[in-house]
Amino acid sequence: MYESQTVQFFLDDEMRASAEAGEHPFLAKLVSVLEEAGLRSVFRQNSLENRLASARFDGYALFHMDDPFHTRALTIRRNLYYPFWHIETSAKRWEWRVAQAEFDPAQVPSEEAGSFYRRWRKRLFGAPDITHDGFVYIPLQGRILERRSFQTASPIDMIEAVLEHDPNRSVIAGLHPKETYSAAELGALEVLADAHPRLSVRMGDMEVLLAGCDYVVCENSSVAFAAHFFKKNSVLFAQIDFHHGSLNVPALGVADAISRAPDVSIAHAAYVWWFLQKMSINASLDTASDKIQTTLRRHGWPV
């Protein structure tokens with residue numbers, strides 16, 4: 021078979037082994053779509069050297085979460101939860117097609133969305149006891165002293181903004197269990213907490229804090245999406261693909277976004293259905309192969 025009719029997948033070891041064994045549902049359907057179009061699939065070790073070499077290859081390349089830096093490459097990424105996936109031309113989620121789309125809750129089938137929402141809430145979080153205990157939950161990610169290009173403020177400045185614009189609620193900043201924080205970062209949080217008795221810092225406890233908070237503020241943490249399952253509103257300080265169901269500081273400004281967060285009406289169930297079921301590829305559905313084919317064709321691939 022000609023090199024031009026070959027698709028190279030660049031995958032980490034565990035994912036590559038699963039794909040080679042035909043045990044990865046999404047990749048199995050993706051490979052099947054490619055084979056039906058006369059394209060051969062080859063699984064490669066995911067390394068920078070191998071990805072760079074793919075640009076000299078006269079076929080196609082699929083990366084897992086890495087930047088598809090040449091015209092015959094795409095990236096695949098799980099859409100928050102299994103079995104939902106995206107196939108995209110950018111590794112930056114705020115550049116994805118869903119990020120540019122408009123969400124209209126009036127166009128969502130309410131009964132189907134409600135059933136989908138309840139089923140996934142139970143699967144992910146059981147039956148949480150949801151309360152509003154008078155605090156703002158700020159789930160932190162990494163690099164809390166830096167403002168990156170897709171952020172409107174650094175995480176530490178974001179915390180200060182919440183303390184300023186919501187003077188009545190207590191604020192709980194949650195450290196991410198998988199992040200490593202420097203002494204400077206932890207010291208900055210300690211100084212801020214000493215200056216503001218309403219602020220406390222703790223590790224983890226995402227589900228407990230989501231269940232009890234009044235609303236969520238973060239850069240672009242997936243916790244903001246999880247908040248929909250607790251019917252809690254969120255404020256985003258950074259760009260991301262799931263921005264439609266939140267109050268966005270880049271669009272509204274800090275004061276307006278935070279002031280509206282406690283009381284604004286959000287169609288939580290409709291948004292969860294639209295974002296996961298409609299706008300991504302659900303690999304568990306019989307329609308997944310058709311959706312994969314449509315997506316690849318939209319990106320100009322010969323399938």
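What the sequence shown shows, in my numbering, is residues 21 to 323, in sequence order. Quick reminder that beta carbons are idealized off the backbone N, C-alpha and C, glycines included.
Exposed unless 16 or more other CB atoms sit within 10 angstroms - verdict on residue i
{"i": "Leu267", "result": "buried"}
{"i": "Ser74", "result": "buried"}
{"i": "Thr307", "result": "exposed"}
{"i": "Asn188", "result": "exposed"}
{"i": "His152", "result": "exposed"}
{"i": "Pro217", "result": "exposed"}
{"i": "Thr200", "result": "exposed"}
{"i": "Tyr102", "result": "exposed"}
{"i": "Ala133", "result": "buried"}
{"i": "Leu183", "result": "buried"}
{"i": "Ala126", "result": "exposed"}
{"i": "His113", "result": "One detail in the question is off: residue 113 reads as Arg in this sequence, not His. When all chains shown are included, Arg113 counts as buried."}
{"i": "Thr172", "result": "buried"}
{"i": "Arg222", "result": "exposed"}
{"i": "Asp149", "result": "exposed"}
Length of the line joining the Cα atoms of residue i and residue j
{"i": "Arg317", "j": "Thr109", "result": "12 Å"}
{"i": "Arg64", "j": "His84", "result": "11 Å"}
{"i": "Arg167", "j": "Pro159", "result": "16 Å"}
{"i": "Asp33", "j": "Ala39", "result": "10 Å"}
{"i": "Lys49", "j": "Asn99", "result": "16 Å"}
{"i": "Asp177", "j": "Leu94", "result": "35 Å"}
{"i": "Phe245", "j": "Leu256", "result": "10 Å"}
{"i": "Val62", "j": "Arg76", "result": "16 Å"}
{"i": "Ser190", "j": "Glu210", "result": "16 Å"}
{"i": "Trp321", "j": "Ser67", "result": "24 Å"}
{"i": "Ser52", "j": "Ala193", "result": "45 Å"}
{"i": "Phe170", "j": "Ala258", "result": "6 Å"}
{"i": "Asp86", "j": "Asp310", "result": "24 Å"}
{"i": "Glu122", "j": "Met299", "result": "11 Å"}
{"i": "Ser130", "j": "Gly273", "result": "31 Å"}
{"i": "Val118", "j": "Leu230", "result": "25 Å"}
{"i": "Ser279", "j": "Phe89", "result": "40 Å"}
Three-state secondary structure assigned by DSSP to residue i
{"i": "Ala193", "result": "strand"}
{"i": "Leu305", "result": "coil"}
{"i": "Met223", "result": "strand"}
{"i": "Phe257", "result": "coil"}
{"i": "Ala213", "result": "helix"}
{"i": "Glu69", "result": "helix"}
{"i": "Arg97", "result": "strand"}
{"i": "Leu165", "result": "coil"}
{"i": "Glu108", "result": "strand"}
Minimum C-alpha distance to residue i - residue among the options
{"i": "Val292", "options": "Phe250, Pro282, Ser24", "result": "Phe250"}
{"i": "Ile286", "options": "Lys252, Gly207, Leu144", "result": "Lys252"}
{"i": "Phe155", "options": "Arg60, Pro322, Ala37, Ala281", "result": "Ala281"}
{"i": "Ala275", "options": "Asn302, Ala289, Ala181", "result": "Ala181"}
{"i": "Val27", "options": "Leu47, Trp116, Leu82", "result": "Leu82"}
{"i": "Ser304", "options": "Phe46, His319, Asn240, Ala258", "result": "Phe46"}
{"i": "Gln120", "options": "Phe262, Val237, His248, Val323", "result": "Phe262"}
{"i": "Asp234", "options": "Val284, Phe29, Met223", "result": "Val284"}
{"i": "Glu227", "options": "Ala247, Ala215, Gln259, Ile96", "result": "Ala247"}
{"i": "Val323", "options": "Gln259, Tyr80, Ala213, Ser174", "result": "Tyr80"}
{"i": "Gln313", "options": "Ala126, Ile107, Val237", "result": "Ile107"}
{"i": "Arg141", "options": "Ile301, Thr315, His288", "result": "His288"}
Residue span of the alpha helix (DSSP H) that contains residue i, given as start and end
{"i": "Ile312", "result": "308-318"}
{"i": "Ala41", "result": "Premise fails: Ala41 is in no alpha helix (DSSP H) and is neither H nor E."}
{"i": "Tyr102", "result": "First-last for Tyr102: undefined, no H or E at that position."}
{"i": "Ile278", "result": "274-280"}
{"i": "Pro175", "result": "175-185"}
{"i": "Val118", "result": "117-120"}
{"i": "Val243", "result": "243-246"}
{"i": "Lys142", "result": "130-145"}
{"i": "His288", "result": "288-292"}
N- and C-terminal bounds of the beta strand (DSSP E) containing residue i
{"i": "Tyr235", "result": "235-238"}
{"i": "Gln28", "result": "26-31"}
{"i": "His84", "result": "80-84"}
{"i": "Val156", "result": "155-159"}
{"i": "Arg60", "result": "60-65"}
Any non-hydrogen atom of the ligand SAM closer than 6 Å to residue i Cβ
{"i": "Ala247", "result": "This structure lacks the ligand SAM; in fact it carries no ligand of any kind."}
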